[in-house]
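Student: This is the structure, below, for whatever I ask next.
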Amino acid sequence: MKRLIVWMIAVLLTTSVGAQIKEPVGWTFSAKKKSADTYDLVIKAVVPKPWHLYSQFTPEGGPVPTKFTFNANPLVKLDGKVKEIGKLQKIQDKIFETEVRFFSNEVTFVQTVKVKAGVKTNVTGNVLFMVCDDSQCLPPTNKKFDIKLQ
7 MKRLIVWMIA VLLTTSVGAQ IKEPVGWTFS AKKKSADTYD LVIKAVVPKP
57 WHLYSQFTPE GGPVPTKFTF NANPLVKLDG KVKEIGKLQK IQDKIFETEV
107 RFFSNEVTFV QTVKVKAGVK TNVTGNVLFM VCDDSQCLPP TNKKFDIKLQ
């Protein structure tokens, strides 16, 4: 009986640790109204140590860069490109044999959009991202989002 209890505890601990590693990045999605017809979509990633999240502007041959896909919506027009706000780090990576660009701790991505004044709608899409630490990388992950514009 004692062995069974120890075995069950070991399985539960292994499962909970594995679940934490599978998706270490915490995402929040919101909209900030700038004017009657303009919003900033604010997408924040919290990246716990020792993980880091790659920039959208990571060169080819390196890890998978963060990429945003916005679903078509006739009421919404993207204005410019997604901006990155955070402490960008650049290093020559031994594994990828190229310069890599990444964020640790947190980064905020901002996409400006225009809508017809007074229109309420949602912006949907997904973010494709990859995280690594000093010894391993997790597979690229897609995170869906749905942001209300009010």
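Residue numbers (the numbering used here): 7 to 156. Even for Gly, the Cβ is constructed at its ideal location relative to N, Cα and C.
1) With distances taken from CA atoms, which of L47, H58, T104, K87 is nearest E29?
2) Pull up the distance between the alpha-carbon of L94 and that of P80, whole angstroms please.
3) For L47, write down the residues that DSSP places opposite it in a beta bridge.
4) Can you give the Cα-Cα distance for V113 and W33, rounded to whole angstroms?
5) Can you list, in chain order, the residues of its chain whose CB lies under 6 Å from that of D139, leaving out five sequence neighbours each side?
6) Determine the contact status of T104 and P65, defining contact as a CB-CB distance below 7 Å.
7) Taking the alpha-carbon positions, what's the Y45 to K120 distance?
8) Quick one: which unbroken beta strand (DSSP E) runs of 3-plus residues sit fully inside the region 37–110? Chain order, please.
9) Could you have a look at K126 and say whether DSSP puts it in helix, strand or coil?
10) Use the C-beta contact count for P117: other C-beta atoms within 10 angstroms, 16 or more gives buried, fewer gives exposed.
11) Cβ atoms of V53 and V88: under 7 Å apart, would you say?
Tutor: On the basis of the supplied data:
1) Position 23 of the sequence shown, counted from the start, is the residue given in the question as residue 29. Taking only the C-alpha atoms, the option nearest E29 is H58.
2) Position 88 of the sequence shown, counted from the first residue, corresponds to residue 94. Position 74 of the sequence shown, counted from the first residue, corresponds to residue 80. About 34 Å.
3) The residue you call residue 47 lines up with position 41 of the sequence shown. Partner(s): A37, Q117.
4) Residue numbering aside, residue 113 sits at position 107 when the sequence shown is read from its first letter. Residue numbering aside, residue 33 sits at position 27 when the sequence shown is read from its first letter. Straight-line Cα distance between these residues: approximately 10 Å.
5) For the purposes of this step, residue 139 is taken as residue 133 along the sequence shown, with counting starting at 1. These residues qualify, in order along the chain: P56, W57.
6) If you number the sequence shown from 1, residue 104 lands on position 98. If you number the sequence shown from 1, residue 65 lands on position 59. T104 places its beta carbon less than 7 Å from that of P65.
7) By 1-based counting over the sequence shown, the position of residue 45 is 39. By 1-based counting over the sequence shown, the position of residue 120 is 114. Cα to Cα, the separation comes out at about 6 Å.
8) Taking 3 residues as the minimum length, the beta strand (DSSP E) runs contained wholly in the region 37–110 are 44–53, 58–60, 73–76, 82–99, in order along the chain.
9) The count along the sequence shown starts at 1 and reaches residue 126 at position 120. Reduced to three states, the DSSP call for K126 is coil.
10) Numbered from 1 along the sequence shown, position 111 holds the residue referred to as residue 117. As written in the sequence, residue 117 is Gln, which differs from the Pro given in the question. It counts as buried.
11) For the purposes of this step, residue 88 is taken as the residue at position 82 of the sequence shown. For the purposes of this step, residue 53 is taken as the residue at position 47 of the sequence shown. No; because the gap between Cβ atoms is not below 7 Å, this pair is not in contact.
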